[in-house]
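Take 0 as the starting number for the sequence shown in numbering that gives the first Met the number 0 and just add one per residue. Using N, Cα and C, we set each Cβ at its ideal position, and we do this for glycine too.
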Amino acid sequence: MPQRQPLHLHVPEPTGRPGCDTDFSYLPLSKAGAKRRPPVDVAAAQTNDLAFALIRVLDDTGQAVGPWAPQMDTALLKRGLRAMLLTRAFDARMLIAQRQKKMSFYMQCLGEEAIACAHALALGAGDMCFPTYRQQGLLLAREDNNMVEMICQLYSNSRDPMKGRQLPVMYSSKKQGFFSISGNLATQVIQAVGWAMASAIQGDDKVASAWIGDGATAEADFHTALTFAHVYHAPVIINVVNNQWAISTFQAIAGGEGTTFAARGAGCGIASLRVDGNDFLAVYAASKWALERARSNLGPTLIEWVTYRAGPHSTSDDPSKYRPANDVARFPLGDPITRLKQHLIQLGIWSDADHEMLKKEVEAEVLAAQKEAEQFGSLANSHTLDLASMFEDVYKDMPAHLVRQRAELGASS
Numbered sequence: 000m001p002q003r004q005p006l007h008l009h010v011p012e013p014t015g016r017p018g019c020d021t022d023f024s025y026l027p028l029s030k031a032g033a034k035r036r037p038p039v040d041v042a043a044a045q046t047n048d049l050a051f052a053l054i055r056v057l058d059d060t061g062q063a064v065g066p067w068a069p070q071m072d073t074a075l076l077k078r079g080l081r082a083m084l085l086t087r088a089f090d091a092r093m094l095i096a097q098r099q100k101k102m103s104f105y106m107q108c109l110g111e112e113a114i115a116c117a118h119a120l121a122l123g124a125g126d127m128c129f130p131t132y133r134q135q136g137l138l139l140a141r142e143d144n145n146m147v148e149m150i151c152q153l154y155s156n157s158r159d160p161m162k163g164r165q166l167p168v169m170y171s172s173k174k175q176g177f178f179s180i181s182g183n184l185a186t187q188v189i190q191a192v193g194w195a196m197a198s199a200i201q202g203d204d205k206v207a208s209a210w211i212g213d214g215a216t217a218e219a220d221f222h223t224a225l226t227f228a229h230v231y232h233a234p235v236i237i238n239v240v241n242n243q244w245a246i247s248t249f250q251a252i253a254g255g256e257g258t259t260f261a262a263r264g265a266g267c268g269i270a271s272l273r274v275d276g277n278d279f280l281a282v283y284a285a286s287k288w289a290l291e292r293a294r295s296n297l298g299p300t301l302i303e304w305v306t307y308r309a310g311p312h313s314t315s316d317d318p319s320k321y322r323p324a325n326d327v328a329r330f331p332l333g334d335p336i337t338r339l340k341q342h343l344i345q346l347g348i349w350s351d352a353d354h355e356m357l358k359k360e361v362e363a364e365v366l367a368a369q370k371e372a373e374q375f376g377s378l379a380n381s382h383t384l385d386l387a388s389m390f391e392d393v394y395k396d397m398p399a400h401l402v403r404q405r406a407e408l409g410a411s412s
């Protein structure tokens, strides 16, 4: 019998350490407009090549080219740019507020604004998003966005709609199609598939949109969700945001060095796309394609959005410990706001002066919302929720021992 050779455990290279170059060679930079746009009713297996490609619309000059270029009127394009600028201004202001100890924690989506904002504009009334903690653009892109309520949630103050029962950035808004964020990674993907199955059973045309980061795709819940989505033909979009970094580990640790994250959908028989997530037009076009497919009862779609987390993982993180200072400058897809701005200028409907004016407008809007929210308190002034509220919303009829404990706090029974 031949002697068995010793096995060697493969450990991905820890790229991105200070002084090292992050390896972006895995990212095939196809020419804008070069990838085909299949019919919406195509069999899932016939999208497999697009799981290993990179769908792009905007070229280096700001022109929209190729079959994926969407039909978007001037008003919608400007609304998209405004939504991204608003999201970035909101992030910047809330980061300062956290440093001022007005809240305990914050997470930016710096560099990723196009994904949530363009997707939000593509969604229809009644669709439900099952987001992670970096999709604030889904809320801010809406015309009925409520920044005051969002900031109150961050501050855990007396107007916090979550009554202090969620970490900051874990918003919830049923009326805006924004399912409560879960701190347990990947659970929301299963929930989204279940919601989509219920939608199909009821016979309506609503679509679930699930969100997950590249690192969390290593969770078992993600793979279970893919199986259920495929087997039950659920009207769901599974959005994998590949922002290159899962806290302090490069995307290779989650398996991104050997294949694409979109390939995981293809392996489960799900239509799969890999898209330039910093290209606002490509994001909108791919979202519309997947939504039409789901609404036509043609099954789920998995989309890998390739982007870059330009900021730290959270306010508790120091990315200088694990990635080089010039990392974001080396990322080849560029800034999403700059690229859409260039497109609008190329169309002749925008200018640098317009851009600066809009930036000041959204910054003033965020500041006004912050001032209003701070009237209800923040952690800095200890003006938070009444402790007695912890007893509410648990039992229909409060048991005697909780009535007694609540009375000990000086609250009425």
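Report yes if the C-beta distance between residue i and residue j is below 7 Å; otherwise report no.
i, j, result
"V206", "D126", "yes"
"I269", "P299", "yes"
"M102", "P160", "no"
"F260", "E303", "yes"
"L408", "L386", "yes"
"F227", "V188", "no"
"A262", "T216", "no"
"S155", "G163", "yes"
"S388", "Y321", "no"
"D213", "L53", "no"
"V39", "R292", "yes"
"D351", "R294", "no"
"L339", "N277", "no"
"T314", "Y105", "yes"
"Q369", "I150", "yes"
"P17", "A251", "no"
I'd like the span of the beta strand (DSSP E) that includes residue i, first residue to last.
i, result
"E303", "T300 to V305"
"M127", "M127 to F129"
"S208", "A207 to G212"
"I95", "Here I95 belongs to no beta strand (DSSP E); instead the alpha helix (DSSP H) covers T73 to R98."
"I336", "Here I336 belongs to no beta strand (DSSP E); instead the alpha helix (DSSP H) covers P335 to L346."
"A393", "It is Val, not Ala, that sits at residue 393 in the sequence shown. Here V393 belongs to no beta strand (DSSP E), and DSSP marks it neither H nor E."
"V168", "It is not in any beta strand (DSSP E) - V168 carries neither H nor E in the DSSP assignment."
"I246", "I246 -> no beta strand (DSSP E), and no H or E assigned at all."
Restricting to Cα atoms, I'd like to know which of the options is closest to residue i.
i, options, result
"A265", "R308, H229, E291 and A82", "H229"
"Q97", "C128, S377 and D22", "S377"
"L139", "S157, S155 and A119", "A119"
"A219", "Q250, N183, D204 and I200", "N183"
"L366", "D40, A63, V10 and M146", "M146"
"I236", "W288, Y25, I348 and Q4", "W288"
"A68", "H342, P318, A352 and Y170", "H342"
"R141", "C151, A124, L272 and H312", "A124"
"E362", "A74, R81 and L6", "R81"
"Q134", "Q99, S172 and K100", "S172"
"V240", "P5, I211, Q201 and F249", "I211"
"A328", "A33, F23 and Q2", "F23"
By Cβ distance, which residues of its chain are closer than 7 Å to residue i, with the 5 residues on each side in sequence left out?
i, result
"D90", "Q107, C108 and L109"
"A117", "G79, F279, V282, Y283 and S286"
"E112", "M83, T86, R87, G136, P335 and I336"
"A43", "G268, I269, A270 and G298"
"P37", "Q45 and T46"
"R308", "G110, E111, N242, Q243 and W244"
"T415", "Absent from the structure is residue 415, since the part of the chain shown begins at 0 and ends at 412."
"S29", "A52, L53 and R55"
"E256", "P11 and Y25"
Would you kindly report the start and end of the unbroken alpha helix (DSSP H) that includes residue i?
i, result
"D275", "First-last for D275: A270 to D275, but that is the beta strand (DSSP E), not the alpha helix (DSSP H)."
"A119", "E112 to A121"
"P192", "For the sequence presented, residue 192 should be read as Val rather than Pro. It spans T186 to Q201 - the alpha helix (DSSP H) in which V192 sits, taken as one unbroken run."
"V361", "D351 to E373"
"W67", "Looking at the DSSP string, W67 is not in any alpha helix (DSSP H), and its letter there is neither H nor E."
"I150", "M146 to Y154"
"G257", "No alpha helix (DSSP H) holds G257; DSSP gives it neither H nor E."
"A265", "A261 to G266"
"Y231", "Where Y231 is concerned, there is no enclosing alpha helix (DSSP H), given that its DSSP letter is neither H nor E."
For residue i, which residues from the same chain have a beta carbon less than 8 Å from its beta carbon, with the 5 sequence-adjacent residues on both sides left out?
i, result
"E355", "none"
"L357", "L80, R81 and L84"
I believe residue i touches residue j by the beta-carbon criterion, under 8 Å. Please report the beta-carbon distance rounded to the nearest angstrom.
i, j, result
"Q374", "T60", "Between T60 and Q374 the Cβ distance is about 47 Å, and since that is not below 8 Å, they are no contact."
"S208", "L301", "That pair is no contact at about 12 Å."
"L153", "M93", "6 Å"
"D326", "T21", "5 Å"
"Y231", "M196", "5 Å"
"F390", "R405", "5 Å"
"P398", "C19", "Incorrect: roughly 58 Å between the Cβ atoms, too far for contact."
"P5", "R35", "Not quite, the Cβ-Cβ distance comes to about 46 Å (not below 8 Å), so this is no contact."
I'd like to know if residue i contacts chain D, where contact means its C-beta is closer than 7 Å to some C-beta of that chain.
i, result
"A281", "Given the protein chain composition of this structure (a single chain), no chain D is represented."
For residue i, I'd like the list of residues in its chain whose CB is within less than 6 Å of its CB, leaving aside the five on either flank, ordered along the chain.
i, result
"A224", "V188, I189 and V192"
"G176", "D126, M127 and C128"
"D58", "A31 and V64"
"N380", "none"
"E148", "P160"
"P311", "P318"
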